[in-house]
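Following: one structure in structure tokens, then a few remarks.
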Amino acid sequence: MANILAAYWQTGNRNRPSANENRVGAVDSPELSDGPRRPQVEHDHIHPGFRHLPRLCPLTHRHALLQQRKEGTMQSALVICLAAVLGSTSDSSSFTLRRMPTSKGLFSLGISGDWYLFGLKEDTVSTDGEKVLLGESRVPAVSEPLERDGGGAMLAARLLPGLLCPHPPSCSISQSWRTVGHPFALKEERTNKLVNSVDRDALEMYRPILTALAVLLCSSPLVNSGKILVVPVDGSHWINMKVLVEELHSRGHDITVIRPSDSWYIKTESPYYKSITINSAAGFDEEGFGIFVTKMLTMRREGASLSARLSLEYELVEQFYQMNKQMIAMVGEMFENTQLMQSLNDSKYELVLTDPAIGAGVLIGHRLGLPLVLNVRWTVQGEAHHAIAPSPFSYVPIPGAELTDKMNFLQRVKNLTYFFFTCFQTWYVTDSNYKPFVQRYFGNDVHYMELFQAADIWLMRNDFTFEFPRPTMPNIVYMSGFQCKPSKPLSKELEDFVQSSGEHGVIVMTLGTLVAKLPEDITEDIAAAFAQLPQKVIWRHKGKRPSTLGNNTLLLDWLPQNDLLGHPKTKLFVAHGGTNGIQEAIYHGVPLVGLPLMFDQPDNFFRMKARGVAQVLDIATVNKDNFLEVLKEVLYDPTYREKMRVLSNLHRDQPMKPLDKAMFWIEFVMRNKGAAHLRTESYKMSKIQYHSIDVVAFLLAVVFLVFAVFMMYRPALVALAVLLCSSPFVHGGKVLVVPLDASHWINMKVLVEELHSRGHKITVLRSSDSMYIKQESPYYESITLDSSAGFNKEIFGSFTTTMINMRRRGASLWSRISLEYEMGKQFSQMHKNQVEMVGDIFENTQLMQSLNDAKYDLVLTDPGLGGGVFLGHRLGLPLVFNVRWTVQGDGHDAIAPSPLSYVPISGTEMTDKMTFPQRVKNLLMYVLTRFLIWHITYSNYTPFVQRYFGNDVHYMELFQAADIWLMRNDFTFEFPRPTMPNIVYMSGFQCKPSKPLFKELEDFVQSSGEHGVIVMTLGTLVAALPEDITEEIAAAFAQLPQKVIWRHKGKRPSTLGNNTLLLDWLPQNDLLGHPKTKLFVAHGGTNGIQEAIYHGVPLVGLPLMFDQPDNFFRMKARGVAQVLDIATVNKDNFLEVLKEVLYDPTYREKMRVLSNLHRDQPMKPLDKAMFWIEFVMRNKGAAHLRTESYKMSKIQYHSIDVVAFLLAVMLLVLTVFLVAVKVMWKCLFSRSKVKSE
């Protein structure tokens, strides 16, 4: 190994590509360039691969390394890469890395028994003044050997948490070590993507470094070591939390765990955390629960009476009640312990990480005023989604109901009934415990669930390979299977037993930790069934050895579940249905047989059975025959294994590993002191406000009052009504792209070019009169249709100019309504043209045959018009939307629940925090916009859809059936609101680092000196503003010391100052990214606002039409913009607003924070969009993320029929009761009368 090490260093310079070669990662490679060129610095003592680290990594992850360099952690990057490169030179080697506690910057590296001292020195490199730490070695040393993993192809890197600290001497030394999996080999298809622009031989040379780098960069961007307070729940919940704790520790964070003194699972001493032990009986009573489970099994097996079983259920509820009561008592003692609370405050924790199944961590977090991150599947009130996300009973099944998201009427009745029952149960368990406590410590007006709902991030321990699709929220992060990992080798004895199974394979059985032993009659039947099979069986079993046990079955007190499930010979997993076990089975692709016992286990297995990967037996009725039958069915029917393979692939096919995703968002909260922009405050509303019951009641009262007045003054009002009613109202895959013209094409073009760069073949469908979509392009082939469905720029430009002039002159309401009506007619005509174009396609047999023969993988379209949607369904292809608007308005409204109590309707210019009058306005605007949209779209689309798709199909169903919605916004722009699993946010995907300006423009910018530059453009639709406005704007600019670059067409204003440059066109993105740009004056188009956010430039708005006023309202609400009405703008108010935004530093500071939030993502938006487009291509859609609630009527969706049915039942029961009472009363009265006679 010493020779190999020396050879690596000696051949470093010799193997370096020459200057004239097309080098991988070369600084002057435009394809891999990150913005402006930087000078290349040579360091001959460094292995050549390290020089190119920022350029070698795949485009998807390159920013992670650059971010690490900026944060001072390049040292760690080089050390890890060096270790991985050295270790990868031998298939049989393993290496150990240790930082020397007594020497600054020294690490000892052990490779297959040989130890080397690895020194780091700091060199100043002229890359924009950044410091880069570079490696230097070759000094043999002796160091105390550390425990090493086995050899083979597995590499074990053991890294100190302190290694990731930017200043190693100041980091604490820990004796705990982290194991990192071996670097994975670059797959051929990934290699081919880079070979388009670099030399294959050079790539092969750097393959070891690329391999190591892939491991490094697939993790989330690092942050400096933080302090985290963890308040876990005992029992199996701690198993999940422990995974997060160990991973956080490995990333250099300082963890403190609060535990009760009687905890069974959470140890006082650990190498991963410090602990604070509270003298309390709030731990998990494993023995008590074990006894309960055994008693329950026996009673169900023996057919105990209903009364006895209800009594046992009550006993279980009482245990949960006592657990919560004890936990509340523990937290109360903490709050009253002044010394302890002072110590917790002095520790300066950055967040609280807790499991809200019991509320201790939530209460402590709020008491300390810290951000909250929840590791969650359950809260104290049940399944976690119900506490934070809309959960329509029409397609979101209540846990325990064992229902899917596709329910018939009776199932929906059952679902709602279960909801009422679970509400009562959770009220009994939690309300009496938490309500007095919260009122004492947080105030009488605070409900305890508000404290849960105020958490910043909800790390949800499931995903939509397990869960049925349902509404979600922006601050819910799914991390199902985060605890899963590749299997490790089995012990020799166990491996020998597994291998002895031959071609038949192995069955693994375990029923978790709570079941110490099953009743003997059950174990006898199970053992007898196993004995009939040719497979070998590994069974975790305690208790008496069954007399029927066959020679093929091995009993163990404990078994390595994950390693057995990951073994290629494992054919079947018999389990109780705990979430961990099911997720490991999904991860490894092993079908299941279920024997669920209690809690969520029956529901978990119901989900698996619904997906066709499991069969389930009732533990109360299991016997040898039915158990054997089910085992054989799952073993020998290949559909179970095939469906589980598909499910496993869906689970693994993610842009980030679940654990990395969890780490990113925990560290995100630490970096940003919370995640308020992702969190709604709807939890502060009452139920009446949330569901707009007060608004509906108010409007009904108004309607009743108006009706009453109308009846009183009917003759006079009839004539007025007639008058008013006469007024008009206003893989190399193949992708078929059906875009919209105009600015929508600018966005779509970015996706088209990126897909082309990734090797996909793109075909674009365009109309012959398109102004923006060119027929010829190096990025796509086009199909041009003889149609007038393009974008009429002249008409829209003329409308804009006319509208500005009318508003400026103060035109009458009638004139303005007439103009709006004309615009509505233009939109209606656009939809009509689109439908006619698609109809022509459908009737063109030759063209349709050609499109079918092309074998496209998906249709990518913008649903602002319906052409692509209809064509996708006609061709039977998966649909991906590039969307902000559909034909019915904002994209969210078509697919996600949109409570009018806190989701403002587009155009209302309101936030998510509305007063009562604002909520009234919001509901009225909703009704009005529904009517206008119906007027524009219904008459165009309904006949078309009925003709080609059937009379029972509504055109919006076709939109709602899309697989993925790539949403062109995010929650730095949008107010937080419910979302759906198949909505992917890609705001700013078109944004990129600025490029150098051309010389003349750069000279003008530099001439601004310390004052900087203002950029102004009002988009492409406004050819020229009215002259009076341009005169006022130019006069205001002339009063400023800043230089101004103004995109302006038309007459040169006479008031123009020497500081203003007029251009027909300007490089907007490059100017916004220039360090001298101080302000952006814009019309409020989404592209411009997103580029301003990306580059951190505050705004002044002159919105004109469409969504622009609403867009700027959002920016103003965030404190990064001021807005003027184009109708009233003049020199004085424009100058006043310019000065306010220029000279008040809060605008720039708030925009800097917003820009950081926008950029602080685990993936770049464009990479995220590409992943999900390619995901749909790989998996032929994304049905597991999509609800089918769109197939329901409004009455069904809102459970109105179910509520009406239950009310009718209640009324009937009440009527029968009253009739019975009346009859009994008569009988009693008549008897007494007879006796008296």
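For what it's worth, the UniProt record's numbering labels the leading residue of the sequence shown as 1, then goes sequentially.
Here a beta-carbon is modelled for each residue, glycine too, at the ideal position from N, C-alpha and C.
Bear in mind that the values here come from a model prediction, so they are computed numbers and not experimental data.
| Item | Value |
| --- | --- |
| Within 8 Å, strictly: CB atoms of residue 229 and residue 256 | yes |
| Close Cβ partners of residue 783 (< 6 Å) along its chain, the five nearest in sequence each way excluded | 765 |
| Segment contact flag, the segment 407 to 417 with the segment 636 to 649, C-beta cutoff 8 Å, min 3 pairs | no |
| Chain C within 8 Å of residue 836, Cβ atoms only | Note that chain C does not occur in the displayed structure, where there is just one protein chain. |
| Distance CB(residue 767)-CB(residue 837) smaller than 8 Å | yes |
| Alpha carbon of residue 684 to alpha carbon of residue 701, nearest angstrom | 26 Å |
| Range of the contiguous alpha helix (DSSP H) that encloses residue 244 | 236 to 250 |
| Span of the beta strand (DSSP E) around residue 761 | 761 to 767 |
| DSSP three-state assignment for residue 1266, whether helix, strand or coil | Since the first residue of the chain shown is 1 and the last is 1237, residue 1266 is not available in this structure. |
| Integer Cβ distance of residue 546 from residue 523, believed to fall under 8 Å | 5 Å |
| Three-way DSSP call (helix, strand, coil) for residue 308 in this model | helix |
| Own chain partners of residue 1130 with C-beta closer than 8 Å, once the 5 adjacent residues on each side are dropped | 1032 |
| Residue 814 - DSSP class collapsed to helix/strand/coil | helix |
| Residues of its chain near residue 1091, where Cβ-Cβ distance is below 6 Å and the 5 sequence neighbours each way are ignored | 991, 1069 and 1072 |
| N- and C-terminal bounds of the alpha helix (DSSP H) containing residue 279 | From DSSP, residue 279 is part of no alpha helix (DSSP H); its letter is neither H nor E. |
| Three-state class that DSSP yields for residue 383 in the structure shown | strand |
| Helix, strand or coil at residue 758 according to DSSP, with G and I counted as helix | coil |
| Which residues DSSP lists as bridging residue 375, in chain order | 459 |
| Contacts around residue 42, its chain only, beta-carbon distance under 7 Å, and the 5 residues preceding and following it disregarded | Model confidence at residue 42 stands at a pLDDT of 32, short of 50, so the residue's coordinates are unreliable and nothing is read from them. |
| Residue environment, residue 712, which counts as buried when at least 16 other CB atoms sit within 10 Å | exposed |
| When 381, 507 and 908 are compared against residue 569, the one with the closest alpha-carbon | 507 |
| Anticipated Cβ contact below 8 Å, residue 863 with residue 883, distance rounded | 6 Å |
| Status (buried if at least 16 other CB within 10 Å, exposed otherwise) for residue 317 | exposed |
| Sheet register partners of residue 859 (DSSP bridge) | 736 and 879 |
| Any 3 or more C-beta pairs closer than 8 Å across the segment 1172 to 1186 and the segment 387 to 400 | no |
| Exposure of residue 972, with buried meaning 16 or more beta-carbon neighbours within 10 Å | buried |
| Residue span of the beta strand (DSSP E) that contains residue 575, given as start and end | 570 to 575 |
| Any 3 or more C-beta pairs closer than 8 Å across the segment 871 to 883 and the segment 752 to 763 | no |
| Under 8 Å between C-beta atoms of residue 455 and residue 373 | yes |
| Stretch pair the segment 940 to 951 + the segment 1055 to 1070: three plus CB contacts closer than 8 Å | no |
| Residue 1027 versus residue 903: straight-line alpha-carbon distance, rounded | 39 Å |
| Residue burial classification, residue 464 (beta-carbon count within 10 angstroms, cutoff 16) | buried |
| Proximity to residue 647 [Cα-Cα], best of 671, 677, 611 and 681 | 611 |
| Run of the beta strand (DSSP E) containing residue 782, from where it starts to where it stops | 781 to 785 |
| Distance between residue 449 and residue 596 (C-alpha atoms, nearest Å) | 30 Å |
| Through-space distance from residue 960 to residue 894, alpha-carbon basis | 7 Å |
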